[in-house]
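Okay, so the sequence shown: first residue is 1 according to full-length UniProt numbering, each after it adds one.
Every residue gets a Cβ at the ideal spot worked out from N, C-alpha and C, and that includes glycine.
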Amino acid sequence: MATQDGGEGAIMDTEPIPKEAEALGDNAEKAEAEATSHTDAGNATTQDSSISNGEDADDEQEKVDLKIIWNKNKYDLKIAVDSTGAKLKERIHALTGLPPAMQKVMYKGLLPEDKTLRDIKVTNGAKIMVVGSTINDVLAVNTPKEVIQQEVKAEENKKEPLCRQKQHRKVLDKGKPEDIMPAIKGAKERLPTVPLSGMYNKSGGKVRLTFKLEQDQLWIGTKERTEKVPMGSIKNVLSEPIEGHEDYHMMAFQLGPTEASQYWVYWVPAQFVDAIKDTVLGKWQYF
């Protein structure tokens, strides 16, 4: 084709695009968008799956089946063997509604909160005894234990050392019993699986202490009889090292509201003193 100035040049004609081609183009774009959407969705699913697997990691831990016994009720509980005593208390709370601070958890003595179930050798099928009262029960008590303890402690401070008092000297002057259990000064141990024996009571007779955790009772046994005392009825536990024999203590269980109700036991091995107090009174008393 000739140009106006007489020269020749190529001119490209533009032809309209058929509607069929436009439709094909639109469909191709939609298909590509859908493919991208499916790919993103697939990636998201993969990511979600990966996150979910991470959250289920606890299911792969070694677990033990426990029988929780509280207030004459039994509960089945499966828990990781590497869980601490504190974690176990949280699980017991979920089962029973009993707050951790109100619980005394027993397994061969008071269960420590900072150790794992594996550490204290809790086995599959073990029975875990739980003792404790709900907050409503505690608030219903007329005279809280902590108030009595404070009053008793204040009274102690006004007096001379217990082991020097005449009423105790007549027992202590008999000397250390030959069959008393060995003592370790400055040590703290859990209660033994056998009764504490070989000790004297206030009358100078032999006495033994048996801690019946499953019944929440302290059995005080003498040659004549055995008294089965509910631990919840014991208001306070008082102890003091024996002068000259500090690896042994003299200890009183306050069975009533006054000092006249104290039951004295002499030559208690020092390493068991704290365990006795925790077992009888429980940490929940300070709630």
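Would you say residue i and residue j are within 8 Å of each other, going by their C-beta atoms?
i      : j      : result
Val280 : Met231 : yes
Asp76  : Lys67  : yes
Asn275 : Gly109 : For clarity, residue 275 is Ala in the given sequence; the question names Asn instead. Their beta carbons are under 8 Å apart, which means Ala275 touches Gly109 by this criterion.
Glu214 : Met102 : no
Thr84  : Glu62  : no
Thr226 : Lys206 : no
Glu247 : Ile184 : Per the sequence shown, residue 247 should be read as Asp rather than Glu. The answer is yes: Cβ separation under 8 Å.
Lys87  : Val131 : no
Lys174 : Gly204 : yes
Ile69  : Lys127 : yes
Three-state secondary structure (DSSP) at residue i?
i           : result
residue 304 : Only positions 1 to 287 of the chain appear in this structure, which leaves residue 304 out of reach.
Met251      : strand
Thr226      : strand
Glu189      : coil
Arg208      : strand
Gly198      : strand
Gly221      : strand
Gln271      : helix
Lys78       : strand
Asp119      : coil
Leu110      : strand
Met181      : coil
Answer with buried or exposed for residue i, where buried requires no fewer than 16 other C-beta atoms within 10 angstroms of its C-beta.
i      : result
Gly186 : exposed
Asn236 : buried
Ser133 : buried
Gln165 : exposed
Ala252 : buried
Whole angstroms is fine: what's the gap from residue i's alpha carbon to residue j's?
i      : j      : result
Ile242 : Glu178 : 16 Å
Cys163 : Met250 : 8 Å
Lys202 : Pro161 : 17 Å
Asp278 : Gly125 : 25 Å
Gln217 : Gly244 : 32 Å
Pro100 : Lys78  : 18 Å
Ser261 : Arg118 : 41 Å
Using 8 Å for Cβ pairs, my map puts residue i next to residue j. What's the rounded Cβ distance?
i      : j      : result
Tyr266 : Leu172 : 6 Å
Leu255 : Ser233 : 7 Å
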